[in-house]
Amino acid sequence: PFLQYFKSNIKLVPIVLAHTTGAIYKEIGREIAQAIKDLNREAVIIASSDMTHYEPQESAKRKDTQAIEAILNLDEDELLQRVDRLNISMCGYAPVVSLISAAKQ
Numbered sequence: 837p838f839l840q841y842f843k844s845n846i847k848l849v850p851i852v853l854a855h856t857t858g859a860i861y862k863e864i865g866r867e868i869a870q871a872i873k874d875l876n877r878e879a880v881i882i883a884s885s886d887m888t889h890y891e892p893q894e895s896a897k898r899k900d901t902q903a904i905e906a907i908l909n910l911d912e913d914e915l916l917q918r919v920d921r922l923n924i925s926m927c928g929y930a931p932v933v934s935l936i937s938a939a940k941q
């Protein structure tokens, strides 16, 4: 992986999320946070996502701004609502919801 290229001794735990409910995404985040606490070690959580795609730039920018605002506010429920309500094609919203949930623990 890209990170190991720059820091060969880094330890990674990749997690892939399938489509499920927002409640499950949030529970995954809480469990990740608890696992980190139990390890009593420093850890960095990274969520990867493409934002809006297959849309004209103006529309994509408007939708991305809505998603980013919810992310910066650490509001996973609002992010889920905006993805659904605004039909945002953000393919990685699930890991971002889990990350926000973990960060709030």
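Take the sequence shown: its letter number 75 is residue 911 in my numbering, and every next letter is one higher.
Here a beta-carbon is modelled for each residue, glycine too, at the ideal position from N, C-alpha and C.
Query	Result
If you count every other CB in all the chains shown that lies within 10 Å of the CB of Pro850, and 16 or more means buried, which is it?	exposed
Looking at the structure shown, is Arg877 part of a helix, part of a strand, or coil, going by DSSP?	coil
For Glu878, count neighbouring C-beta atoms within 10 Å of its own C-beta (all shown protein chains included) and say buried if the count is 16 or more, exposed if not.	exposed
Quick check on this structure: which residue in Ile846, Lys899, Ile924, Gln870 has the alpha carbon closest to the alpha carbon of Lys940?	Gln870
Helix, strand or coil for Pro955? Go by DSSP, reduced to three states.	With the chain covering 837 to 941 only, the question about residue 955 has no answer from this structure.
Have a look at Ala896 and Tyr929 and give me their C-alpha separation to the nearest angstrom.	15 Å
Helix, strand or coil for Thr856, going by three-state DSSP, please let me know.	coil
Here's the rule I'm using: 16 or more other beta-carbon atoms within 10 Å means buried, otherwise exposed. How should Ile907 be labelled?	buried
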